[in-house]
Every structure is written in structure tokens, then in C-alpha cells.
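Colleague: Structure in C-alpha cells, see below.
Residue numbers (the numbering used here): 775 to 1079.
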């Protein structure tokens, strides 16, 4: 494990284990875009904070009993960066995201997008819809349903991303939901959407079995809004909601998801770093490394010792 202070946009896990693009199976794609956050701001700093924190993540996964950096992890240069382009529009962000992910998919890479606000996910999902010949379900970890038709004058607000996914005609499974508006409640009821609410999860020990069984296609895209995790474990988010998933429940579900379904790609969104705390970014970085390990096992990637 590296211990020196990382530089800006350090590779995931650090220079010591960074792979070149040609040999990498995994591409970490930072997308530091923020334009529609409405409470705590700062998610445009999320990707860099996760990359920095990843320098302190142990290479050896004690659950999986293996180091997974040898599968080859390449960190892409940031795209759709509102830190340097504060007037960047949602249309340009979505176009750049979709184009980049399609190119990575064509090269056979497993992509993990790092946000940035959750509206980015529309671009990733669009890329897989345009590139993949198989139907897939979008599995969402989140505190919020994100099913508004529009919010604050924009249909590409972070509160609308799953409505845009529904507009694409894709099935969804939503997990950890504990904050919805009346419009969303009506839509969930009228369309009989598959939603696993946090308060139900807390009382139902078999929720993982039921959630896994509810996915209607063999392929999935996984989107993780970090506020789906209980804010006592993940305080660095834009809109923390009481309750939510705990670390072991989340990782058990994710391991099952990767074991039983073909995960095309995934993203980890909405980290808004807290001053003088590293809990959230370190937890997010470790979660990203978990996703790599679960995919390596599921795809039976050879992992050199």
C-alpha cells in the first residue's frame, strides 16, 4: 500500500500498480461534473477525492482473499469537468460521457464511472444501450428515487436521472430508497416499479434474495449513489438521508449481483467530500476496489500472484 501524499488525478491505487491502457481490463473514468446539486455542493471534487483516498486502500481484499490490482486498472483523464469548465451544459456532458464510454466498451474495457452528480448516469446508460446487443436492467443503489420528470427547470437534473432511464425503455430495480415526492410515489404505483425501500430492508432479512430474484434480465448496469448508504457510514454526500444500507449488507448484495448476473459497467456517484474527514472518500474508494474484485471473480479473470 502506498503511503505518500498523492498528486492531483493520481491513478486509482497509485502509480506503483497502474496499468497501461492496452493491458488494462478495468478503466476508472472520472467525470467531475456538477451543475444541478441543490443542498451540499462539492460532488465535482468527488472523483479526485476518491482517487486520492485510494492510495491508502490495501491491495489485499480480506473478504476475497486476493489482490486484484494485477487484473490491470487504468485511470482515464477526467471528462466533462466543471472545475475547469463551469458553464459546461448537460447536453455536452451527456454527449461526451456517452461517446467516451462507447469507445471504452468497444475496446473491451470494464468501466467504472466516478461522479460527479447523478445526472451523469444517463450518459453511461445510453452508451451501453447503444453498444450492447443484449437487454439489460439498471440496478440503482440510492436514497432517492430520482424519478421526477423535471426539477428546477431541467429534465437533466440529478433528481431526474432514473426518469430518463425509464424513458429509454429499460427496466429498473431501485434499492435503499427512503425519500420520494408525490409525483414519484404516483409513478412507482402506476407503473408498478420495483423498489426496495430502506425501511423494509431494515426489517426483512431476506431482502437480498428477493432483490436479486427481482432482476428481469441477465445483464445489468449498476449505478451507486453513495447516499444510498447510511450517512453514519457515508456522511460526504449532497443530501444525506437517515437510514440506508450498511457496508456489509451492501457488499453482500453486490457480490451476489456480480455472481448471478452479467454486470456490463457501473458507476459510483455523488461523493461530496467533508472538510477534515476522509471517511466518505476512503469508503468510496474501497467500494470501487470491491467492484473490481467482484467482477474479476465473476468473469474468471486470471489474477497473477
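Heads up, the beta-carbon is just placed ideally off N, CA and C, and yes, glycines get one too.
Because the structure is a prediction, the values reported are computed rather than measured.
#1: Starting from residue 971, follow its DSSP beta bridges and name the residues at the other end.
#2: From residue 808 to residue 827, what distance separates their C-alpha atoms?
#3: Does the distance from the CB of residue 806 to the CB of residue 857 come in under 7 Å?
#4: Does the contact criterion of 3 or more C-beta pairs under 8 Å hold for the region 1036-1053 versus the region 884-898?
#5: Report the CB separation of residue 993 from residue 968 in whole angstroms; it is logged as a contact under 8 Å.
#6: From residue 848 to residue 1064, what does the alpha carbon distance come to, in whole angstroms?
#7: Ordered along the chain, which non-local residues of its own chain (more than five positions away) have a Cβ less than 7 Å from that of residue 1060?
#8: In this structure, what does DSSP give as the bridge partners for residue 824?
#9: Residue range of the alpha helix (DSSP H) that residue 1041 falls in?
#10: Between the alpha carbons of residue 977 and residue 879, how many angstroms are there, rounded?
#11: Can you list, in chain order, the residues of its chain whose CB lies under 6 Å from that of residue 1084, leaving out five sequence neighbours each side?
#12: Check each candidate in 789, 787, 934, 1056 and name the one with the smallest Cα separation from residue 1000.
#13: Classify residue 866: buried if its beta carbon has 16 or more other beta carbons within 10 angstroms, exposed otherwise.
#14: Going residue by residue through the region 885-951, where are the continuous beta strand (DSSP E) segments of at least 3 residues, counting only ones entirely within it?
#15: Can you give, in chain order, each stretch of the beta strand (DSSP E) that sits fully within the region 820-867 and has at least 3 residues?
#16: Grab the span of the beta strand (DSSP E) containing residue 993 for me, first residue to last.
#17: DSSP on residue 800, reduced to helix/strand/coil?
#18: How about residue 950 and residue 1010: do their beta carbons lie closer than 7 Å?
#19: Going by DSSP, which residues form a beta bridge with residue 805?
#20: Three-state secondary structure (DSSP) at residue 1003?
Modeller: Put simply:
#1: 951
#2: 20 Å
#3: yes
#4: Between the region 1036-1053 and the region 884-898 there are three or more C-beta pairs closer than 8 Å, enough to call the two in contact.
#5: 16 Å between Cβ atoms; not a contact.
#6: 16 Å
#7: 831
#8: DSSP lists no partner for residue 824.
#9: Careful: residue 1041 lies outside any alpha helix (DSSP H), inside the beta strand (DSSP E) at 1036-1043.
#10: 39 Å
#11: This structure cannot settle anything about residue 1084, because the visible part of the chain is limited to 775 through 1079.
#12: 1056
#13: Exposed, by the Cβ-count rule.
#14: 910-915, 946-951
#15: Entirely contained in the region 820-867, the beta strand (DSSP E) runs reaching 3 residues are, in chain order, 847-849.
#16: 993-999
#17: Three-state result, residue 800: strand.
#18: Taking the C-beta atoms as reference points, residue 1010 is found no nearer than 7 Å to residue 950.
#19: Residue 805 is bridged to 889.
#20: strand
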